[in-house]
Amino acid sequence: MTNLIIAALLLFLLGLAYQQGWSRSQAVATATGTRLHSRPVYHGALAAVWVLVPAVLVLGLWTAIGPDMTRNFILSQLPPDIAALEGNALNSAVARIMALSSGSGVAGTVEPYEAAAAQALDQFRLLSYLVVIGAAAGTGVLALLLVRRRIVPRLRARNEIEMVVRLALLACSAIAVLTTFGIVASLFNEAIRFFTFVNPLDFFFGTVWNPGFATTGTGAVGQYGILPLLWGTVMVAAIAMLVALPIGLMTAIYLSQYASRRVRDVVKPIIEILAGIPTIVYGFFALVTVGPALSGFGQAIGIDIRSTSALTAGLVMGIMIIPFISSLTDDILRQVPISLRDGSLGLGATPSETIRRVLLPAALPGIVGAFLLAVSRAIGETMIVVLAAGNSPVLRANPAEPISTVTVTIVNQLTGDSDFAGPQSLVAFALGLTLFVMTLGLNVFALYIVRRFREQYE
Numbered sequence: 001m002t003n004l005i006i007a008a009l010l011l012f013l014l015g016l017a018y019q020q021g022w023s024r025s026q027a028v029a030t031a032t033g034t035r036l037h038s039r040p041v042y043h044g045a046l047a048a049v050w051v052l053v054p055a056v057l058v059l060g061l062w063t064a065i066g067p068d069m070t071r072n073f074i075l076s077q078l079p080p081d082i083a084a085l086e087g088n089a090l091n092s093a094v095a096r097i098m099a100l101s102s103g104s105g106v107a108g109t110v111e112p113y114e115a116a117a118a119q120a121l122d123q124f125r126l127l128s129y130l131v132v133i134g135a136a137a138g139t140g141v142l143a144l145l146l147v148r149r150r151i152v153p154r155l156r157a158r159n160e161i162e163m164v165v166r167l168a169l170l171a172c173s174a175i176a177v178l179t180t181f182g183i184v185a186s187l188f189n190e191a192i193r194f195f196t197f198v199n200p201l202d203f204f205f206g207t208v209w210n211p212g213f214a215t216t217g218t219g220a221v222g223q224y225g226i227l228p229l230l231w232g233t234v235m236v237a238a239i240a241m242l243v244a245l246p247i248g249l250m251t252a253i254y255l256s257q258y259a260s261r262r263v264r265d266v267v268k269p270i271i272e273i274l275a276g277i278p279t280i281v282y283g284f285f286a287l288v289t290v291g292p293a294l295s296g297f298g299q300a301i302g303i304d305i306r307s308t309s310a311l312t313a314g315l316v317m318g319i320m321i322i323p324f325i326s327s328l329t330d331d332i333l334r335q336v337p338i339s340l341r342d343g344s345l346g347l348g349a350t351p352s353e354t355i356r357r358v359l360l361p362a363a364l365p366g367i368v369g370a371f372l373l374a375v376s377r378a379i380g381e382t383m384i385v386v387l388a389a390g391n392s393p394v395l396r397a398n399p400a401e402p403i404s405t406v407t408v409t410i411v412n413q414l415t416g417d418s419d420f421a422g423p424q425s426l427v428a429f430a431l432g433l434t435l436f437v438m439t440l441g442l443n444v445f446a447l448y449i450v451r452r453f454r455e456q457y458e
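Counting from 1, position 228 in the sequence shown corresponds to residue 228 in UniProt numbering; the numbering is continuous, with no gaps.
Listed below in structure tokens is the structure:
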């Protein structure tokens, strides 16, 4: 309810500020008989920005300091013997009072001091919300009065709004970049903790994966060789790309160069439906249909193919990736200038020669981008491998046998009641960091290839 009131307050202030800025600019232009530098819509937008920023800053300040102030208030309401507690005992007492205040209830008998503290907390929250809302509204109104005085014919409101938009875009870009750095930093920090338990050489070059959950707390840390997981990841991704790349590329070439408009309008949406199917459905499809079919086919020709294997997971994953490659490649081929295609045909080249020697080289950077997207999806896929690959972290060269991947192992290590004090759980962060470095290296290599071919073509 409080969030709804705050949102309504912000919307009201925005609407009021925009209307006041717009009407003030019109009144100034009429009174002075001078043409405004910017249109009234920019003056209204500028007034709205002036009102929004201080109100949001007030709310953000309360969001930052509010939890600490609330906790300190609760501590002030506790009896001295309870307030003298430390660690989990004190946190539990505070949590009980907050639960009573929110109406969710607590286990056991409610002590009189807890009921009194919860009632006082209700009053504190009400008063603090009123103060915060009043401060936000007050700063907004004050900012509105100030911006009204700034509205004169020579005010460059449009330039200021454009600067605000640029700053907003810069902030969004910074958030994306900082989020990436934050993810890497968190992975790196926990990975360093893991390597205090396990030698990095044993981790990166070991061929045995046995985390040993049963030995937790006995001093044994198990064996954490990542090579079987990397091999399984690469094997499944390679099988998937062997299926998806030729089918997706040929499908895109047919749809963009040979298919009629009517056929394209029917076939392309059907193919793109595959992209919207949840991966868990693909996993069940692999487990129930594809795996037994491959096993039966292997028995018919005298080859032992397990129903849960790298081959099963790779084939189904390749089917899942086909829409990504075909759709992106189709759009990229259609963006190649028509003059290149017409010029090649005018010189006597056949349609297939035009595709091979003109269109594909021109669209190569985009096709490589689509390929990278597909590879990243294959490397990061989890559910299909969980259900169809057998979850066997053993170094095997036969794709017809069960394997495991990095992503599946991350899920396994973070599942259960283990804490983050031992290597059994911390290894998930080391695996995640390794996967990140692999993807980054793949992207850098692909960027080098794209630039080389682009320079050769130009």
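Ideal placement from N, C-alpha and C gives every residue a C-beta, glycine not left out.
So what does Gln223 bridge to, in DSSP terms?
In the sequence shown, residue 223 corresponds to position 223, counting from 1. Bridge partners of Gln223: Asn210.
Is the beta carbon of Ala421 sitting closer than 9 Å to the one on Ile403?
Taking the first residue of the sequence shown as position 1, residue 421 is located at position 421. Taking the first residue of the sequence shown as position 1, residue 403 is located at position 403. In this structure, Ile403 does not lie closer than 9 Å to Ala421 by Cβ.
Kindly indicate which three-state DSSP category Gly390 falls into: helix, strand or coil?
Position 390 of the sequence shown, counted from the first residue, corresponds to residue 390. Reduced to three states, the DSSP call for Gly390 is strand.
Residue burial classification, Phe181 (beta-carbon count within 10 angstroms, cutoff 16)
Position 181 of the sequence shown holds residue 181. Phe181 should be labelled exposed.
Residue from Ala29, Gln26, Arg35, Val56 with nearest C-alpha to Leu14
On the sequence shown, position 14 is the one that residue 14 refers to. Minimum Cα distance to Leu14 is reached at Val56.
Please report the distance separating the alpha-carbon of Val317 from that of Ile384.
The residue given as residue 317 occupies position 317 in the sequence shown. The residue given as residue 384 occupies position 384 in the sequence shown. The sequence given here places Met at residue 317; Val does not occur at that position. Their backbone Cα atoms lie some 7 Å apart in a straight line.
Closest by CA to Ala237, which one among Ile321, Arg306, Ser352, Ile151?
One-based indexing of the sequence shown puts residue 237 at position 237. Nearest C-alpha to Ala237: Ile321.
Go ahead and label Gln20 buried or exposed: buried means 16 or more other beta carbons lie within 10 angstroms of its beta carbon, across all protein chains shown.
Within the sequence shown, the letter at position 20 stands for residue 20. Gln20 should be labelled buried.
Around the C-beta of Pro292, are 16 or more other C-beta atoms found within 10 angstroms, so that it is buried, or is it exposed?
Taking the first residue of the sequence shown as 1, we reach residue 292 at position 292. Its Cβ having fewer than 16 others within 10 Å, Pro292 is exposed.
Asp331 to Gly298 span [Cα, whole Å]:
Sequence index remark: in the sequence shown, residue 331 carries index 331 (1-based). Sequence index remark: in the sequence shown, residue 298 carries index 298 (1-based). Distance between the alpha carbons of Asp331 and Gly298: 39 Å.
Go ahead and pull the three-state DSSP assignment for Pro305.
What you label residue 305 is simply residue 305 of the sequence shown in a count that begins at 1. The amino acid at residue 305 is misidentified as Pro; the sequence shows Ile. In this structure, Ile305 counts as coil in the three-state DSSP scheme.
Please classify Val375 as buried or exposed, where buried requires at least 16 neighbouring CB atoms within 10 angstroms.
As a working mapping, residue 375 is identified with position 375 in the sequence shown. Answer is buried; the Cβ neighbour count reaches 16.
Cβ pair Phe12, Phe73 closer than 9 Å:
Working through the sequence shown from its first residue, we reach residue 12 at position 12. Working through the sequence shown from its first residue, we reach residue 73 at position 73. Their beta carbons are not under 9 Å apart, which means Phe12 does not touch Phe73 by this criterion.
Rounded C-alpha distance that separates Pro423 from Gly441
Numbered from 1 along the sequence shown, position 423 holds the residue referred to as residue 423. Numbered from 1 along the sequence shown, position 441 holds the residue referred to as residue 441. Their backbone Cα atoms lie some 26 Å apart in a straight line.
Using the DSSP secondary-structure output, state which residues sit across from Ile325 in a beta bridge.
Along the sequence shown, one-based indexing puts residue 325 at 325. The partner list for Ile325 (beta bridge, DSSP) is empty, contrary to what the question assumes.
Would you kindly report the start and end of the unbroken alpha helix (DSSP H) that includes Leu201?
Position 201 of the sequence shown, counted from the first residue, corresponds to residue 201. Here the alpha helix (DSSP H) through Leu201 covers 200 to 205.
Return the Cβ separation of Ala168 and Val58 in integer angstroms, given the expectation that the two are a contact with Cβ distance under 8 Å.
If you number the sequence shown from 1, residue 168 lands on position 168. If you number the sequence shown from 1, residue 58 lands on position 58. With 8 Å as the limit, Ala168 and Val58 do not qualify as a contact, their Cβ atoms being about 19 Å apart.
Could you say which of Gly103, Arg334, Glu160, Ile82 lies nearest to Ala93 if we only look at CA atoms?
The residue you call residue 93 lines up with position 93 of the sequence shown. It is Ile82.
Can you list, in chain order, the residues of its chain whose CB lies under 7 Å from that of Ser152, leaving out five sequence neighbours each side?
In the sequence shown, the residue the question calls residue 152 occupies position 152. Residue 152 is actually Val in this sequence, not Ser. The answer, listed in chain order, is Val28.
Use the C-beta contact count for Gly140: other C-beta atoms within 10 angstroms, 16 or more gives buried, fewer gives exposed.
The residue labelled residue 140 in the question sits at position 140 within the sequence shown. Burial call: buried.
Just to confirm my understanding: we take Pro79, look at its own chain, exclude 5 residues before and 5 after, and list those with CB closer than 8 Å. What are they?
On the sequence shown, position 79 is the one that residue 79 refers to. Excluding sequence neighbours, Pro79 sits near Tyr113.
Ile183 classed as buried or exposed, judged by whether at least 16 other C-beta atoms fall within 10 angstroms
Looking up residue 183 in the sequence shown gives position 183. With fewer than 16 other Cβ atoms within 10 Å, it is exposed.
Please return the same chain residues whose Cβ sits closer than 6 Å to the Cβ of Ala214, not counting the five positions on each side in sequence.
Taking the sequence shown and counting its residues from 1, the one referred to as residue 214 is at position 214. Low per-residue confidence applies at Ala214: pLDDT is 44, beneath 50, and the placement is therefore not dependable, though the value from the model is reported in the following sentence. Contacts found: none.
Near Arg154, what residues of its chain come up, given a Cβ to Cβ distance below 8 Å and the 5 sequence neighbours on each side ignored?
Working through the sequence shown from its first residue, we reach residue 154 at position 154. Cβ neighbours of Arg154 beyond the five flanking positions: His37.
Identify whether Ile403 lies in helix, strand or coil by the three-state DSSP scheme.
Taking the sequence shown and counting its residues from 1, one reaches residue 403 at position 403. Three-state result, Ile403: strand.
Contact under 9 Å by Cβ, Leu46 with Ile161
Within the sequence shown, numbered from 1, the residue matching residue 46 stands at position 46. Within the sequence shown, numbered from 1, the residue matching residue 161 stands at position 161. For Leu46 and Ile161, yes; Cβs fall inside 9 Å.
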